[in-house]
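Read the structure below first, then the notes.
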DNA sequence: TCCTGGACGGAATTTTTATTCCAAACAGGT
DNA sequence: ACCTGTTTGGAATAAAAATTCCGTCCAGGA
């Protein structure tokens, strides 16, 4: 009486999927474990790839990948894929209709809210892994590591991001200055050649930050930027830009991806410094 | 001998596409202009949608959307789509090869670091969803919503968390004060009955925050707390405590779960206020 | 009013993709 | 070494998508 059908129901969210994956991957046959391993590291590809793509990338036959989806509780690849595609569309079929329900559910019911934000965090992290390249992160880490001091600049939504960096740099012994809005004008005088500016600004971009970046670049100071849009004016003066897009819930965004990225960056800087 | 083939070559990049779109949209027939209009506003959908999806969303028949793609210089929808999918896959074929290089870099190299932190973020979010109950979040939201003003207190690692809350409360029109370390002693005098204190502190706990909480509670002010351990001394004075545990990478933690939780909380507060 | 050329969208066709099936290979136990 | 239940991947099938075709509709000109 061997009942192994873990099937029950298909995961309804990325959280569900990840939990199920971790819970069952250990007991899977070899090739399915290959699927699990690749898939876990490249979740973001699912939305834009075909089964054969994923199968080839995992080093298995399409039919094997198919079984993998089913082992996770999905009816097939399409169902699993729709989980990831839903994030971009926010309303696939009949979006008029779903939009209405979204509005209706609204911001009410805080229970749902937390789950929504957690889910949204997962999505932001998935997209983060996909958009930021190791190379540019590495170049920035080296740039910061060799600076006399790094100036952290960010206002509004970006401020929590830079304040987190400031804390980490402090802990790690990396010389850093956190610029507060109030002191910004004075701060310009404190930036010298050999320093580096790390500026964070999200659309709509803070003019103060842009002005500071412009002034710093004018002095020949290296600028790195973090933003959420290709159109960010900081890009014009920056040696290197990082772009992360946060997923949103009812118009609100938590800076999950930005904080994660900058935390990794801070640790990377310290690693580079320790190497030399 | 009217050859009107504007085709020439297909756009090779998103910029090309946008240029072509803006240049030609004006001269297009009505329905094609509908396509252009919707597509311009929802470029990101192309990667994950079918022709019929895009056609329906644009309010036209699939064959019309097809002609739209061709008017832009593509051979069809698939070619246009591949332009957007390429962004995510960064070179479709030969995942094998890319995977190999990824694995080879190994544990060193910042590439792996970012992936590790992203992974760690997923874990933090999963644990967040499992440990925090909707009820306590709801009670805190109501408590804050009915306060004259909410005092946000947090130092070190917690500071980015409260600064994010401060930004959100400001945006949402919820009266809030962000307490900076420097002004903290003075700030005590600014807390009155009818206020609420929201204190964030992670182990090892900041004595300044604990003292402030103690003083506030002594005055009969309601205190809510967010921390990462049952042992947190704030619990003694707090009406309600939130506990989140962050996953760590090599001893470093990003405040992913805490930020996600407090963002949800801020939105919940605003929802409660709007209801009444 | 009639004619003409382009625009339109439903239906047919072709191509691609997902999914299932099955024979061969395999691992573990006897 | 032999049997047995599982895993595997190629081939067959089903489903869905993209793309083309073509009859109808509409606007503008004679």
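Chains as they are written, first to last, in the working numbering: chain A, 1 to 276; chain B, 277 to 552. Note that the Cβ used here is the ideal one computed from N, Cα and C, for glycine as well. Just so it is clear, the structure is predicted and the values come from calculations on it, not from any experiment.
Is DSSP giving residue i helix, strand or coil here?
i                      : result
residue 35 of chain A  : helix
residue 256 of chain A : helix
residue 300 of chain B : helix
residue 234 of chain A : helix
residue 545 of chain B : helix
residue 45 of chain A  : helix
residue 97 of chain A  : Residue placement at residue 97 of chain A cannot be trusted, given a pLDDT of 38 that sits under 50; the coordinates are not used to answer.
Is residue i buried or exposed, if buried means 16 or more other CB atoms sit within 10 Å of its CB?
i                      : result
residue 154 of chain A : buried
residue 222 of chain A : buried
residue 90 of chain A  : Only weak support exists for where residue 90 of chain A lies, its pLDDT of 46 falling under 50; the coordinates are left without a value.
residue 496 of chain B : exposed
residue 547 of chain B : buried
residue 96 of chain A  : Low confidence applies here, because residue 96 of chain A scores a pLDDT of 34, under 50, leaving its location unreliable and the question unanswered by this model.
residue 256 of chain A : buried
residue 9 of chain A   : exposed
residue 243 of chain B : A query on residue 243 of chain B cannot be resolved here, the shown segment of chain B reaching from 277 to 552 and no further.
residue 160 of chain A : buried
residue 534 of chain B : buried
residue 281 of chain A : No information on residue 281 of chain A is available, as it lies outside the stretch 1 to 276 that chain A covers here.
residue 320 of chain B : exposed
residue 468 of chain B : exposed
residue 406 of chain B : exposed
residue 73 of chain A  : buried
residue 141 of chain A : buried
residue 526 of chain B : exposed
residue 228 of chain A : buried
Would you call the CB atoms of residue i and residue j closer than 8 Å?
i                      : j                      : result
residue 163 of chain A : residue 439 of chain B : yes
residue 213 of chain A : residue 199 of chain A : yes
residue 260 of chain A : residue 478 of chain B : no
residue 397 of chain B : residue 143 of chain A : no
residue 347 of chain B : residue 300 of chain B : yes
residue 288 of chain B : residue 323 of chain B : no
residue 64 of chain A  : residue 20 of chain A  : no
residue 210 of chain A : residue 233 of chain A : yes
residue 167 of chain A : residue 432 of chain B : yes
residue 470 of chain B : residue 415 of chain B : no
residue 494 of chain B : residue 517 of chain B : no
residue 520 of chain B : residue 404 of chain B : yes
residue 178 of chain A : residue 265 of chain A : no
residue 303 of chain B : residue 335 of chain B : no
residue 514 of chain B : residue 522 of chain B : no
residue 539 of chain B : residue 38 of chain A  : no
At which residues does the beta strand (DSSP E) containing residue i begin and terminate?
i                      : result
residue 501 of chain B : 498-503
residue 154 of chain A : 150-154
residue 241 of chain A : 240-243
residue 196 of chain A : 196-200
residue 176 of chain A : 176-179
Between which two residues does the alpha helix (DSSP H) harbouring residue i extend?
i                      : result
residue 144 of chain A : 134-145
residue 445 of chain B : 435-448
residue 494 of chain B : 483-494
residue 346 of chain B : 338-347
residue 327 of chain B : 327-334
Run through chain A and tell me which residues come within less than 8 Å of residue i, C-beta to C-beta.
i                      : result
residue 408 of chain B : 114
residue 443 of chain B : 156, 157, 159 and 160
Below 9 Å on C-beta distance, what does residue i contact in chain B?
i                      : result
residue 225 of chain A : Those within 9 Å of residue 225 of chain A in chain B number zero; the least Cβ separation is about 17 Å.
residue 123 of chain A : Chain B residues near residue 123 of chain A: none, gap ~10 Å exceeds 9 Å.
residue 78 of chain A  : In chain order: nothing, as chain B lies at least about 12 Å away.
For a contact defined as C-beta to C-beta under 8 Å, what are the partners of residue i on chain B?
i                      : result
residue 205 of chain A : Residues of chain B passing the Cβ test: none, with the nearest at roughly 15 Å.
residue 255 of chain A : 440 and 535
residue 128 of chain A : 390 and 394
residue 146 of chain A : What residue 146 of chain A touches in chain B: nothing, since even the nearest Cβ is about 15 Å away.
Closer than 7 Å by beta-carbon distance: list the chain B residues that pair up with residue i, in chain order.
i                      : result
residue 252 of chain A : 539 and 543
What residues of chain A sit near residue i, judged by a beta carbon separation below 9 Å?
i                      : result
residue 294 of chain B : The premise fails here: residue 294 of chain B is roughly 11 Å from chain A at the closest Cβ pair, so nothing lies under 9 Å.
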